[in-house]
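According to the numbering used here, the sequence shown holds residues 3 to 278 in order. All residues carry an ideal CB built from backbone N, CA and C; glycine is no exception. Bear in mind the structure is a predicted one, so any value in this text is a computation, not a measurement. Notes to accompany the following structure.
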Amino acid sequence: MTADLVKSGLHAYILKGDGEAALQAARRLAMGYLCTGEEAPCGHCPSCKLFLSGEGRGENHPDYVEIAPSKKTAKASIKKERIEGVLKAAAMTDYGGGGKVFVFVDFDTTTVEGQNALLKVLEEPPAKTRFLLLTASPEKILPTVRSRAGFLDLKSGGATSDPERRHRIYRLIEKVLSGQEEAFLARSFFDEEKEHLSEIFDEMLAYFRDMAVYYETGDEHAIKNKDYRVPIARQSEAVGMRVYEIIDAIYRARRYVEMNVNKSFAFEWLLITIGG
Numbered sequence: 003m004t005a006d007l008v009k010s011g012l013h014a015y016i017l018k019g020d021g022e023a024a025l026q027a028a029r030r031l032a033m034g035y036l037c038t039g040e041e042a043p044c045g046h047c048p049s050c051k052l053f054l055s056g057e058g059r060g061e062n063h064p065d066y067v068e069i070a071p072s073k074k075t076a077k078a079s080i081k082k083e084r085i086e087g088v089l090k091a092a093a094m095t096d097y098g099g100g101g102k103v104f105v106f107v108d109f110d111t112t113t114v115e116g117q118n119a120l121l122k123v124l125e126e127p128p129a130k131t132r133f134l135l136l137t138a139s140p141e142k143i144l145p146t147v148r149s150r151a152g153f154l155d156l157k158s159g160g161a162t163s164d165p166e167r168r169h170r171i172y173r174l175i176e177k178v179l180s181g182q183e184e185a186f187l188a189r190s191f192f193d194e195e196k197e198h199l200s201e202i203f204d205e206m207l208a209y210f211r212d213m214a215v216y217y218e219t220g221d222e223h224a225i226k227n228k229d230y231r232v233p234i235a236r237q238s239e240a241v242g243m244r245v246y247e248i249i250d251a252i253y254r255a256r257r258y259v260e261m262n263v264n265k266s267f268a269f270e271w272l273l274i275t276i277g278g
């Protein structure tokens, strides 16, 4: 998982998970980003050794920063002032030449003002700077932030769809958006692929994240799914601002499935939302 994500061109990921195991996974991914060895994280290069020194939590690495909620009021949160400090640190030159990595613990506790402030750097991130937003409740994060980050459910191990399944997912989205396939008919796809629901949600998020990026920038080169950039760009213009509603619906549908809400209802509701 780590090696694949390190090679990814995405500069930000929402990592779904909680507890010490999830934080350790985030730290390992951060170590991989900063690694200068051939197979990241190698554990032997100067950067990895520095990351593992001390308690092994990265606290001795000058290009690694963890941000956790602080409790100055009744409820612990990450406030705008902390985010502004991150923006300043991200703008500074890194020490080791491998970029900088910022890990947010319980990012869903970040205030609305703080999340909006982070949008600035997510839209135009400094070179080789990465942001890992760790949360047990990704649906609580602003849709605008979610649309600018990848998504990984740490419990799923980061599995990705095979090419054929990915193609079927994207073709389904195209049909539903264009009105060629009604929601109650398209729902059967989820029933057929019930063993791969996590992958389906991940691919749908990737598709609509690209649509959101194109909607905001108008730049086809910013689309990650290069082989689908033409339909994504075309549909983005038709869907417009509604893309954020759809992204929010995907997160909610995933949550409904995890809560064992009636799956057929959740899928049909999601597809109706996508179709408008």
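Using only the alpha-carbon positions, how far apart do Glu2 and Val263 sit? Missing from the structure shown is residue 2; the chain here goes from 3 to 278 and no further.
Grab me the residues of Ile85's own chain with a C-beta within less than 6 Å of its C-beta, minus the 5 sequence neighbours each way, in chain order. Here residue 85 refers to the residue found at position 83 of the sequence shown. Cβ within range, chain order: Gly116, Ala119, Leu120.
Where Met206 falls, given that 16 or more other Cβ within 10 Å makes a residue buried: As a first step, residue 206 is located in the sequence shown; it is residue number 204 there, counting from the start. Burial call: buried.
Applying the 10 Å Cβ sphere with the 16-neighbour rule, what's the burial state of Gly278? To locate residue 278, count along the sequence shown from 1; it is residue 276. Exposed: under 16 other Cβ atoms inside 10 Å.
So what does DSSP say about Ala161, is it helix, strand or coil? Taking the first residue of the sequence shown as position 1, residue 161 is located at position 159. Low confidence applies to Ala161: its pLDDT is 49, below 50, so where it sits in the model is not reliable enough to give any reading.
If we count the other Cβ atoms within 10 Å of its Cβ and call it buried at 16 or more, is Leu187 buried or exposed? On the sequence shown, residue 187 is found 185 positions in, with the first residue counted as 1. Leu187 should be labelled exposed.
Could you check what DSSP says for Ser238 in three-state terms: helix, strand or coil? Residue numbering aside, residue 238 sits at position 236 when the sequence shown is read from its first letter. Looking at Ser238 - three-state DSSP - the assignment turns out to be helix.
Would you mind giving the Cβ-Cβ distance between Ala70 and Asp108, rounded to the nearest angstrom? I have them listed as a contact below 8 Å. Position 68 of the sequence shown holds residue 70. Position 106 of the sequence shown holds residue 108. At roughly 7 Å, the Cβ-Cβ gap stays under 8 Å, so Ala70 and Asp108 are in contact.
I want to know whether the segment 25–34 touches the segment 122–137 - three or more CB-CB distances under 8 Å. yes
Based on DSSP bridge pairs, tell me the residues matched to Gly152. Walking along the sequence shown from the start, residue 152 turns up at place 150. Note: Gly152 sits in a beta bridge opposite Tyr15.
Would you say Gly19 and Leu199 are within 8 Å of each other, going by their C-beta atoms? Reading the sequence shown from its first residue, position 17 is the one you call residue 19. Reading the sequence shown from its first residue, position 197 is the one you call residue 199. No, the Cβ-Cβ distance between Gly19 and Leu199 is not below 8 Å.
Whole runs of the alpha helix (DSSP H) within the segment 81–161, excluding any shorter than 4 residues: 82–93, 114–125, 145–148
Where His223 falls, given that 16 or more other Cβ within 10 Å makes a residue buried: Residue numbering aside, residue 223 sits at position 221 when the sequence shown is read from its first letter. The residue is exposed, with fewer than 16 neighbouring Cβ atoms inside 10 Å.
Within a Cβ cutoff of 8 Å, which residues of the same chain sit near Arg189, ignoring the five residues on either side of it in sequence? Here the question's residue 189 lines up with position 187 in the sequence shown. The answer, listed in chain order, is Ser266, Phe269, Glu270, Leu273.
Kindly list the residues whose CB is nearer than 8 Å to the CB of Ala161, restricted to its own chain and excluding five residues on each side of it in sequence; keep chain order. Residue 161 sits at position 159 when you count from the first residue of the sequence shown. Interpretation of Ala161 is limited by its pLDDT of 49, a score under 50 that renders its predicted location unreliable; the figure taken from the coordinates is listed afterwards. Once the five neighbours on either side are set aside, the close Cβ partners of Ala161 are Ser200, Glu201.
Shortest alpha-carbon distance to Leu136 belongs to which of Thr111, Cys44, Thr219? Indexing the sequence shown from 1 puts residue 136 at position 134. Looking at the Cα atoms, Thr111 is the closest of the given residues.
CB contact flag (Glu68, Val105, <8 Å): In the sequence shown, the residue the question calls residue 68 occupies position 66. In the sequence shown, the residue the question calls residue 105 occupies position 103. Cβ distance < 8 Å, so Glu68 and Val105 count as in contact.
Own chain residues within Cβ distance below 8 Å of Glu183, not counting five before or after: Working through the sequence shown from its first residue, we reach residue 183 at position 181. The answer, listed in chain order, is Leu174, Lys177.
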